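Structure first, commentary second.
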Amino acid sequence: MNSPRTFHVKSFGCQMNVYDGERMGELMTAQGMTATDDASSADLVVLNTCHIREKATDRVYSDIGRLRKDARALGREPMIAVAGCVAQAEGAEIVRRAKVDVVVGPQAYHNLPALVAQAAAGTPALDTDMPIASKFGALPARRRVGPSAFLTVQEGCDKFCTYCVVPYTRGAEVSRPFAAIVEEARALVDAGAREITLLGQNVNGWRDADGRGLELLIAALDALPGLARIRYMTSHPNDMTQGLIDAHRDIEKLMPFLHLPVQAGSDRVLKAMNRAHTADGYLRLLDKVRASRPDIALSGDFIVGFPGETEAEFSETLKLVEAVGYAQAFSFKYSPRPGTPAADMAGAVPAEVMDERLQRLQAAINRDQAAFNAATLGRRCSVLIDRKGKLAGQMLGKSPWLQSVHLITDAAVGDLVEVDIVRADPNSLAGQERVRVAA
Ligand code: 5AD
Ligand code: SF4
Numbered sequence: 009m010n011s012p013r014t015f016h017v018k019s020f021g022c023q024m025n026v027y028d029g030e031r032m033g034e035l036m037t038a039q040g041m042t043a044t045d046d047a048s049s050a051d052l053v054v055l056n057t058c059h060i061r062e063k064a065t066d067r068v069y070s071d072i073g074r075l076r077k078d079a080r081a082l083g084r085e086p087m088i089a090v091a092g093c094v095a096q097a098e099g100a101e102i103v104r105r106a107k108v109d110v111v112v113g114p115q116a117y118h119n120l121p122a123l124v125a126q127a128a129a130g131t132p133a134l135d136t137d138m139p140i141a142s143k144f145g146a147l148p149a150r151r152r153v154g155p156s157a158f159l160t161v162q163e164g165c166d167k168f169c170t171y172c173v174v175p176y177t178r179g180a181e182v183s184r185p186f187a188a189i190v191e192e193a194r195a196l197v198d199a200g201a202r203e204i205t206l207l208g209q210n211v212n213g214w215r216d217a218d219g220r221g222l223e224l225l226i227a228a229l230d231a232l233p234g235l236a237r238i239r240y241m242t243s244h245p246n247d248m249t250q251g252l253i254d255a256h257r258d259i260e261k262l263m264p265f266l267h268l269p270v271q272a273g274s275d276r277v278l279k280a281m282n283r284a285h286t287a288d289g290y291l292r293l294l295d296k297v298r299a300s301r302p303d304i305a306l307s308g309d310f311i312v313g314f315p316g317e318t319e320a321e322f323s324e325t326l327k328l329v330e331a332v333g334y335a336q337a338f339s340f341k342y343s344p345r346p347g348t349p350a351a352d353m354a355g356a357v358p359a360e361v362m363d364e365r366l367q368r369l370q371a372a373i374n375r376d377q378a379a380f381n382a383a384t385l386g387r388r389c390s391v392l393i394d395r396k397g398k399l400a401g402q403m404l405g406k407s408p409w410l411q412s413v414h415l416i417t418d419a420a421v422g423d424l425v426e427v428d429i430v431r432a433d434p435n436s437l438a439g440q441e442r443v444r445v446a447a
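Going by this note's numbering, the sequence shown opens with residue 9, and the numbers climb by one from there.
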């Protein structure tokens with residue numbers, strides 16, 4: 009097989025995969041390869057995979073099949089690399105089952121060029137090591153990014169929720185050093201970012217060697233000229249310190265949005281999930297957050313149909329949703345993951361019961377999201393323009409509360425515009441421009 013000259017990276021799953029995908033792209037560009045948007049004509053296709061639920065994992069194999077078929081129709085045979093959490097979890101099994109050329113785990117992708125070279129020389133290459141030394145030091149500097157950029161500050165998880173594969177695929181909790189993060193943030197701003205979202209599986213558990221917590225990192229980023237907005241996700245309730253809660257009051261660039269998954273409303277289910285917090289503890293925590301930042305938009309994740317979940321227990325989830333009034337939330341049907349403790353628990357919830365619970369939960373979440381959007385009607389707020397809309401002169405962007413806003417404007421991607429919200433729909437808002445905020 010020849011050394012690839014063009015590549016295409018396709019990322020699935022969470023924002024951290026989006027970030028990893030960008031960095032793999034930068035790495036290959038630094039090797040002299042050229043990115044292409046069209047997977048079927050690329051010499052090298054990297055599938056950056058997700059293992060969080062069974063459906064996401066199954067997708068990898070069907071995607072590999074489709075990719076090969078499309079490429080063959082063009083008389084091509086691309087090199088295929090499987091990266092991300094499925095690569096970590098299944099390793100050599102992917103080479104055996106799907107005959108791919110490269111398998112690389114999420115902590116080893118700085119070695120991608122060497123693995124690609126090995127595969128080009130005719131030997132399938134596999135690297136799922138989790139080295140102590142971080143991959144970040146081996147990656148090239150950031151050069152060109154959109155107005156809203158991701159920055160991984162913490163990786164891995166030590167919480168071991170009983171349903172979750174993340175502690176196994178991403179490894180133990182590791183925080184990147186303060187100075188390296190600030191340096192990368194500065195490079196992102198120089199490369200065009202106006203907003204940075206700090207990423208981590210437990211981002212609010214970020215702590216450097218001197219014991220500094222996330223709020224001090226946010227304060228350092230607050231001082232960067234040219235950066236207008238800071239966000240962070242995903243957080244664990246038990247790592248939500250008073251210092252971070254206060255930052256939502258004190259740091260203007262920190263957007264009023266908090267993604268704080270709770271997963272379920274029943275204390276028995278929370279205990280079986282090993283979440284180490286109660287429903288009431290979560291609600292009291294949100295009271296503190298709201299006291300600090302009254303307009304904060306809250307977001308969460310939920311799992312329905314965890315083993316043994318009864319109708320009464322599920323109704324406690326609905327009760328919690330009602331008590332919180334989320335601005336948005338994600339809900340999933342429980343999916344047993346091989347190797348996790350919950351996969352061996354008795355009391356599987358029948359598929360049709362799960363479907364029905366998911367529908368009821370999503371209806372409740374949609375109702376709250378529509379109410380949250382309606383409450384922004386008439387407000388004046390900033391919008392960070394991130395892309396063109398479908399209509400002539402229309403641009404799309406995000407409000408401070410992470411809602412999609414469309415408006416007619418001659419502002420460009422990356423501009424911050426002050427708007428009045430003139431219409432609120434369940435999934436988006438319409439804004440009318442008032443003031444262009446200078447860069
Ligand atoms: N089944 C269903 N949903 C899951 N999540 C994590 N593991 C599973 C699983 N086995 C959900 C959780 C988590 C989100 C990223 O994915 O809600 O917060
Ligand atoms: Fe998974 Fe729980 Fe860790 Fe989140 S906190 S990554 S759900 S184990």
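Cβ atoms here follow ideal geometry from the backbone N, Cα and C, with glycine treated the same way. Keep in mind it's a predicted model, so treat the numbers as computed, not measured.
- Close CB contacts of residue 283 within its chain, under the 7 Å cut and outside five residues either way in sequence, are with 169 and 271 (chain order).
- Straight-line measurement puts the Cα of residue 333 at about 29 Å from the Cα of residue 350.
- Of the heavy atoms belonging to the ligand SF4, at least one sits nearer than 7 Å to the Cβ of residue 244.
- Residue burial is scored here from C-beta neighbours: residue 315 has at least 16 other C-beta atoms within 10 angstroms and is therefore classed as buried.
- Counting along the chain, the unbroken beta strand (DSSP E) around residue 56 starts and ends at 52 to 57.
- Fewer than three beta-carbon pairs drawn from the region 158 to 176 and the region 119 to 129 are found closer than 8 Å, and the two stretches are therefore not classed as touching.
- Between the ligand SF4 and residue 341, a heavy atom-to-CB distance of less than 7 Å is absent.
- Residue environment: residue 346 is assigned as exposed (fewer than 16 neighbouring CB atoms within 10 Å of its CB, all protein chains considered).
- Distance from the CA atom of residue 405 to the CA atom of residue 335, rounded to whole angstroms, is 17 Å.
- Secondary structure of residue 11 (DSSP, three-state): coil.
- Per DSSP, residue 309 lies in no alpha helix (DSSP H); the unbroken beta strand (DSSP E) holding it starts and ends at 305 to 312.
- Its chain contains 61 and 62 as the residues whose beta carbon lies nearer than 6 Å to that of residue 343, once the 5 sequence neighbours on both sides are disregarded; these appear in chain order.
- Of all C-beta pairs linking the region 351 to 360 to the region 384 to 401, fewer than three are shorter than 8 Å, placing the two stretches out of contact.
- The three-state reading of DSSP puts residue 253 in helix, counting H, G and I together.
- Boundaries of the alpha helix (DSSP H) around residue 332: 319 to 332.
- Taking residue 144 as the centre and dropping the five residues before and after it, the same chain places the C-beta of 184 and 188 closer than 7 Å to its C-beta, in chain order.
- In the structure shown, residue 181 adopts coil according to DSSP, grouped into three states.
- For secondary structure counted as the beta strand (DSSP E) over 3 or more consecutive residues, the region 376 to 444 holds these complete runs in sequence order: 388 to 396, 402 to 406, 412 to 416 and 424 to 432.
- By the neighbour-count definition (other C-beta atoms within 10 Å, threshold 16), residue 104 is an exposed residue.
- The way I'd put it, the region 234 to 245 does touch the region 189 to 206; three or more beta-carbon pairs between them come closer than 8 Å.
- In the DSSP assignment, residue 352 falls outside any beta strand (DSSP E), carrying neither H nor E.
- Annotation for residue 202 indicates a beta carbon at 7 Å or more from all heavy atoms of the ligand 5AD.
- Here DSSP, grouped into helix, strand and coil, assigns residue 118 to helix.
- The beta carbon of residue 290 sits closer than 7 Å to the beta carbons of 245 and 270 from its chain, once the five residues preceding and following it are set aside; these are given in chain order.
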